[in-house]
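Protein chains: 2
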Amino acid sequence: MVRIRANEVSKEIASDKVEQILSGAMQEFLKHGFAGTSMDRVAQAAGVSKATVYNHFQDKEGLFKTLIEQLAQEKFQSAFGRQPLQGEPRIVLRQLIASALQGMICDEQHQAFVRVLIGESGRFPELAQTWVQHIMKPTIAILCKYMTDHPELDIPDPEATARIMIGALVHFMMTQEMLHGKEIIPMESDRMIDALTHLMLRGAQL
Amino acid sequence: MVRIRANEVSKEIASDKVEQILSGAMQEFLKHGFAGTSMDRVAQAAGVSKATVYNHFQDKEGLFKTLIEQLAQEKFQSAFGRQPLQGEPRIVLRQLIASALQGMICDEQHQAFVRVLIGESGRFPELAQTWVQHIMKPTIAILCKYMTDHPELDIPDPEATARIMIGALVHFMMTQEMLHGKEIIPMESDRMIDALTHLMLRGAQL
DNA sequence: GTCTATATCCAGATAGAC
DNA sequence: GTCTATCTGGATATAGAC
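Residue numbers (the UniProt record's numbering), protein chains in the order written: chain V, 1 to 206; chain A, 1 to 206.
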């Protein structure tokens, strides 16, 4: 029963209803996955009727794809992407690693998104590839460039090494948080950050 | 219409039907996830009637849990676990890394299992923890022991470093195979193997 | 465009014959 | 123990009033 003002923002002409629906869809799909989500619940979470949902989106699959693609492209400009990346490696590298890991571990929505993306990567391979294209690839490129710009780090294969860094951090987050491993094999984030930083720096000519 | 001989094997008194059902369930659950799988299809894939399934398992959730726990405990004794782990680090480490990665990349069933495990880790946290307990933890322990036994590698934190290695390899497999990233950001496995081996060895006192 | 009401189908789970 | 047939609820998607 909330009255909605029209034309509140005119930046992209995405009607209020569409935003409501995508918001409700996000809530449900990220919690229950594709098959586990019903359009009834999406409509309810969005505060509209089911028919309205079908008026704006072709079907359940279309809504899901739109949502995931939007999330992959707009929202997550990965923790690696936002920093200046200049200065002494011993300091920059450690801060970079630390902020990337903390960013992932604290962001439960990000974890839910990754869970759904992986869980549905069999049924929706294109969505997984969108993620790789728009998030993973640029992230690798940024790390890669930093290593190339700092030859004193003495990294023979920056691209492969960038993947090692990202893999170590993402997998640590997945194990501790998404798979609820922190109760089984606990480990402070700082230990991971120290160990990875050490591994990156110990061959450097400094 | 295949006639089944009873008492063929007497090792664990798991009736033939139960094995058939678990086999069918594996086929369906690993392909479509929990919510995406119907008991009709499980029964069909198992070659039995739906009532028979319910005669041996309480409900869909019980069947799923039994299957995943069995897979987590019996089948996957992780690629790291099976080797002697003795000899010169420069050789052993590289072979260890290579065989672990190749094992994961070639085993599509393993990938499907990991996909489902992660995808359902929100709804079934205990199953995810079973995996962490029975696979991840022992794997880390083995790698950890090897590093501790070889102080010339000069690893300050073997446990954290073991996680870095595992994370790098698992994440590489996930990106290339499960998320279908090899078409987007291709990379030979050998490059990853070389880079990781180099990272592990370059600080060693050899 | 948005709603209520409904068509249609398929899901999980069980009853009862054998 | 195993089957066929069935109950019941909930799913996707739409018709038709406003």
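The beta carbon of each residue, even a glycine, is placed where N, CA and C say it ideally should be.
For residue i and residue j, what's the separation of their Cα atoms in angstroms?
{"i": "residue 181/V", "j": "residue 154/V", "result": "34 Å"}
{"i": "residue 167/A", "j": "residue 196/A", "result": "11 Å"}
{"i": "residue 198/A", "j": "residue 63/A", "result": "45 Å"}
{"i": "residue 111/V", "j": "residue 105/V", "result": "8 Å"}
{"i": "residue 68/V", "j": "residue 27/V", "result": "12 Å"}
{"i": "residue 200/A", "j": "residue 188/A", "result": "19 Å"}
{"i": "residue 8/A", "j": "residue 61/A", "result": "The pLDDT assigned to residue 8/A is 42, lower than 50, so where the model puts this residue is not dependable; a value taken from the coordinates is nonetheless given after this. Roughly 29 Å between the two C-alpha positions."}
{"i": "residue 18/A", "j": "residue 71/A", "result": "15 Å"}
{"i": "residue 11/A", "j": "residue 175/A", "result": "Since pLDDT at residue 11/A reaches only 43, below the 50 mark, its modelled position is unreliable, and no value is offered."}
{"i": "residue 206/A", "j": "residue 206/V", "result": "21 Å"}
{"i": "residue 121/V", "j": "residue 109/V", "result": "18 Å"}
{"i": "residue 136/V", "j": "residue 66/V", "result": "20 Å"}
{"i": "residue 102/A", "j": "residue 186/A", "result": "16 Å"}
{"i": "residue 184/A", "j": "residue 85/V", "result": "25 Å"}
{"i": "residue 162/V", "j": "residue 16/A", "result": "49 Å"}
{"i": "residue 123/V", "j": "residue 95/V", "result": "37 Å"}
{"i": "residue 92/V", "j": "residue 42/A", "result": "53 Å"}
{"i": "residue 156/A", "j": "residue 59/A", "result": "49 Å"}
{"i": "residue 138/A", "j": "residue 29/V", "result": "34 Å"}
{"i": "residue 107/A", "j": "residue 100/A", "result": "11 Å"}
{"i": "residue 190/V", "j": "residue 149/A", "result": "24 Å"}
{"i": "residue 151/V", "j": "residue 202/V", "result": "14 Å"}
{"i": "residue 3/A", "j": "residue 14/A", "result": "For residue 3/A, the predicted model reports a pLDDT of 36, less than 50, meaning its position is unreliable; a value from the coordinates is still stated below. Rounded to the nearest angstrom, the two C-alpha atoms are 17 Å apart."}
Do residue i and residue j have their C-beta atoms closer together than 8 Å?
{"i": "residue 31/A", "j": "residue 39/A", "result": "no"}
{"i": "residue 116/V", "j": "residue 24/V", "result": "no"}
{"i": "residue 165/A", "j": "residue 158/A", "result": "no"}
{"i": "residue 132/V", "j": "residue 178/V", "result": "no"}
{"i": "residue 160/V", "j": "residue 89/V", "result": "no"}
{"i": "residue 193/V", "j": "residue 98/V", "result": "yes"}
{"i": "residue 209/A", "j": "residue 36/V", "result": "Since the first and last residues shown for chain A are 1 and 206, residue 209/A lies out of range."}
{"i": "residue 118/V", "j": "residue 119/A", "result": "yes"}
{"i": "residue 44/A", "j": "residue 134/A", "result": "no"}
* **Given 8 Å, three or more beta-carbon pairs between the stretch 163-171 of chain V and the stretch 124-139 of chain A** => no
* Are the stretch 55-74 of chain A and the stretch 140-155 of chain V in contact at 8 Å, needing three or more beta carbon pairs? -> no
* To do: With 8 Å as the limit, tell me which residues of the stretch 176-188 of chain V have their beta carbon closer than that to any beta carbon of chain A; keep them in chain order.
  => 178, 179, 180, 181, 183, 184, 185 and 187
* Asked: Looking at chain A, which residues of the stretch 119-137 of chain V have a Cβ within less than 8 Å of any of its Cβ atoms?
  -> 119, 120, 121, 122, 123, 125, 128, 129, 131, 132, 133, 136 and 137
* To do: Taking only beta carbons into account, state which residues of the stretch 159-175 of chain V come closer than 9 Å to chain A, listed in chain order.
  => 159, 160, 161, 163, 164, 165, 166, 167, 168, 169, 170, 171, 172, 174 and 175
* Asked: What residues in the stretch 30-48 of chain V bring their beta carbon closer than 8 Å to a beta carbon of chain A?
  -> 31, 32, 33, 34, 35 and 36
* Residues of the stretch 94-106 of chain A with a CB closer than 9 Å to any CB of chain V: list them in chain order, please. => none
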